[in-house]
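Notes follow once the structure below has been shown.
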Amino acid sequence: MTTPTTSHWGAFRVRTGPGGALAVEPHPADPSPSPLLAGVPGALRHPTRVARPAVRAGWLEHGPGPSARRGEEPFVEVDWDTALDLVAGELARVRAEHGPQAVFGGSYGWASAGRFHHAQSQLHRFLAQFGGYTGSRNSYSLGTSLVLLPHVVGDAETVLRASTSWPVITRHTRLIVAFGGIPAKNVHVTPGGVTRHGTPGHLAELAAAGVEVALVSPLRDDLPDGPATDWHPVAPGTDTALMLALTHTLLTEDLHDRAFLDRCTTGWDTLAAYLDGSTDGTPKSADWAAPICGLDADRIRTLARRMAATRTLVTVTWSLQRARYGEQPVWAAIALAAALGQIGLPGGGFGHGYGSMGDVGDTGPALRLPFLPQGPNPVDEFIPCARIADLLLHPGEAYDYDGTRRTYPDIRLVHWAGGNPFHHHQDLGRLRRAFARPDTVVVHEPHWTATARHADIVLPVTTALEREDLGGGRRDTHLIAMHRAVAPYGEARDDHAVLAGLAERLGFAEEFTEGRSPREWLEHLYDGWADSLRAEGAGDPPPFAELWTAGEWQLPEQAPERTLFEEFRADPAGRPLATPSGRIELHSATVAALGLPDCPGHPTWLDPPERLGTRAAERHPLLLVANQPATRLHSQLDVGAPSLADKVADREAVELHPSDAAARSIADGDLVRVFNDRGACLAGARLTDRLRPGVVRLPTGAWFDPVPGTEPPLCAHGNPNVLTADEPSSRLSQGCTGQHALVEIERWADGEPPPVTVRHAPVLLPHRPPSPVLENTP
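Residues -18 to 759 in the numbering used here are what the sequence shown lists, from first letter to last.
Here it is as structure tokens:
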């Protein structure tokens, strides 16, 4: 017998065998199941699971307060009543002494594909009813684009969630110019899951359909080998210069569509004056861009002419905007597509995120699925999510964000559920100093991740296979009944039960639970959703009991809709964009009026501080690309079989070109030290000619494993975020910049290397009663 469930990497079935052995089987309708499924069994009962509530020994002994000992001290296991009493007491104390804005509701949405047991929704619902909290906006993945796109095209969600579908691309597009590529490793992942992974098949069909791809990336593996590919190994961080040069060629060779620019855009004349050098004396020509990008000038001009001669789709991965001045490649790509005049034509124009997520270009139904209401937050404080270290380190400091001037509140308690900031964030040495500042850090976690190890109170929570839920993703074809497959590990509880226990102690249990059990919540959310679908004529879902027995319901298909840009192109006056001009803003008066030197009013080449060929590269001459891993989802499943099998020298693998390795006497499989002034990590060398010389690749997600007593930090396991800079993309968006960093690499020659310790639990001391200090804590 199999148990149905789903995950961010797809729907699957669970089969339990003799002795509790667990196997996973892909959903039978999935044409391209995710290889990440193989990581599920090994991670479920791994020694890193948190078995019981645990409190940092120093916090238990001395009470709340800032501490640099977070991440170093052992933990004391306690019973649930003690743990919940401590957390509730701290929440009440901080609210009474400092106000609810002193509580940071840290969370990220990747804990589970479930619609009810969504850790972020559960925590924010709880904290809103508690009296409010300081929250965060946007995401590490798209923090820059989510702020920029409304200024340029009036709306971010339409660009990101309603892009041209793969069948339309296959039928109409003849050339895809893919800045950042279309990396197949990412297309199996979508928030909430994908039952039928279609993108791998669509990529395989491109060559047969006669679609060529110009891959613009320093990494050849940013596009599968199937499509007809012309690889342009651009220097990392220089895509904007290349886009400007391509647009300059269109302008100077009269290949641009002036009628479209006049009818559908504003600001072209301002941008053209910048392109031809009238503004600053420097034409943004192919000859100008060639030495910056490391590409031949004639090849740049040839690509521009090819783009103008056929139906062309310009697409940019999300990775390009995760860098200093990350607004610029997104804006410059829109300007390039506008100059071609193909925005709004089938298979032409601009795309953002093909290959960054599995649902981009998908044709599944665009139905909102059941969700847990969070309620309004009585506190209006928030930060852009990538500014967490600034928030903790600099209370009271002012900063710019999207045309506003804001101030960081003074955070005394961090309550984190459903995420791992020691994966997402940059400059982990700085983040450790930031996490030392609050009075108390509370973390819900299934595993002893670095975030759990830097907490004061760790509350063990279940995984998706240990509870019941409803699952489904954006543009998914099915709603999945997620049955419980195994009993909870140790004393783990689901986030809802944890928060209900806290709400009971704080006096609002009835408001939080509404008197429902988790199963009753599932039925309540489902029934309300089903009623709304029927009222809208969008479908007739079966009764909940029937869904639960069947294990899934196939969502009704929807007829393809015209994209926003198709409607806009057909009638710019009647269907204007939500920009001040109603048109695509190649120059934004709103952005220009902010006077931000790191984000001017039109696409601009701004030289990033860490780039190959600059003075900064003299000491650290290699450019690190810290992209998404192929063997796990962010840091999830790092202890699963695919991730462990991909390690080299027991660490994360760093890829480097054979010529760069030879210059450093590094052989394939060697243990190496990757370093810069911010920190260092150990990794296993993997030599490949499928990247540009001078570029190295070390994916994110290896669990942070700092060697005790090292400063700046040395990670024994290969986490690249000890090397990346914690700087905002610009003062407009405050997005993260974790994609690139200048580094040097050397063979490890200091004797026995420090061991990897994150694959087992930290030191856990036996249970003891709370100290008198804590008994007197409000």
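For every residue, glycine included, the Cβ atom is placed at its ideal position computed from N, Cα and C.
With fewer than 16 other Cβ atoms from the protein chains shown falling within 10 Å of its own Cβ, threonine 385 counts as exposed. Alanine 415 counts as buried, since no fewer than 16 other beta carbons sit within 10 angstroms of its beta carbon.
About 6 Å separates the beta carbons of alanine 519 and leucine 348, which is inside the 8 Å limit, making them a contact pair. Segment contact: the region 610 to 625 against the region 239 to 246, fewer than three CB-CB distances shorter than 8 Å; contact not assigned. Threonine 221 and alanine 313 do touch by the CB rule: their CB atoms are close to 5 Å apart, below 8 Å. For threonine 705, the closest alpha carbon among the candidates Leu25, Thr738, Ala367 is that of Ala367. Counting along the chain, cysteine 274 sits inside the alpha helix (DSSP H) bounded by residues 267 to 274.
The secondary-structure analysis by DSSP pairs tryptophan 212 across a beta bridge with Leu196. In this structure glutamine 535 is exposed. Its beta-carbon is surrounded by fewer than 16 other beta-carbon atoms within 10 angstroms. Taking a contact as a CB-CB distance under 8 Å, the pair glycine 87 and valine 395 counts as one, their CB atoms being some 6 Å apart. The three-state secondary structure of isoleucine 438, taken from DSSP, is strand.
Under the three-state reduction of DSSP, glutamate 538 is assigned to coil, being neither helix nor strand.
Burial check for alanine 551: the Cβ neighbour count within 10 Å stays below 16, so the residue is exposed. Cβ contact annotation for glutamate 566 (same chain, cutoff 7 Å, sequence separation greater than five): His132, Val133, Thr247, Gly248, Thr560, in chain order. The residue from Leu141, Leu746, Ala611 with its alpha-carbon nearest to that of leucine 679 is Ala611. Residue Val703 holds the alpha-carbon nearest to the alpha-carbon of arginine 413 among Thr(-13), Ile726, Val703.
Of the other Cβ atoms in all chains shown, fewer than 16 fall within 10 Å of the Cβ of aspartate 361; this residue is therefore exposed.
Counting along the chain, leucine 723 sits inside no alpha helix (DSSP H); it lies in the beta strand (DSSP E) bounded by residues 721 to 728. Between the region 420 to 438 and the region 451 to 466 there are fewer than three C-beta pairs closer than 8 Å, too few to call the two in contact. Rounded to whole angstroms, the Cβ separation of arginine 667 and valine 635 is 7 Å, and the two are in contact under 8 Å. Secondary structure of methionine -18 (DSSP, three-state): coil. Methionine 224 is not bridged by DSSP to any residue.
The beta carbon of proline 22 is closer than 7 Å to those of Leu3, Ala4, Val5 in its chain, skipping five residues each way along the sequence. When DSSP states are grouped into helix, strand and coil, threonine 432 belongs to the helix group.
Going by beta carbons, valine 655 and glycine 699 fall inside the 9 Å limit. By the Cβ rule, the region 23 to 36 does not count as touching the region 710 to 718, because fewer than three pairs are nearer than 8 Å. Here leucine 604 is not near alanine 159, since their CB atoms are 9 Å or more apart. Each of Ala190, Ala143, Ala240, Leu225 was checked against the Cα of aspartate 340, and the nearest Cα belongs to Ala143. For valine 128, the three-state secondary structure derived from DSSP is helix. By the neighbour-count criterion, in which 16 or more other beta carbons inside 10 Å mark a residue as buried, methionine 463 falls on the buried side. Under the three-state reduction of DSSP output, glutamate 636 falls in the strand class. A direct Cα-Cα distance of roughly 41 Å separates tryptophan 397 from isoleucine 150. Going by DSSP, glycine 665 is part of no alpha helix (DSSP H) but of the beta strand (DSSP E) stretching over 660 to 668. In the DSSP annotation of this structure, aspartate 450 is not part of any alpha helix (DSSP H); the continuous beta strand (DSSP E) holding it starts and ends at 450 to 452. If you compare the alpha carbons of Leu284, Leu503, Leu18 with that of threonine 293, the shortest gap goes to Leu284. If you draw a 10 Å sphere on the C-beta of proline 351, you find 16 or more other C-beta atoms in it, and that means buried.
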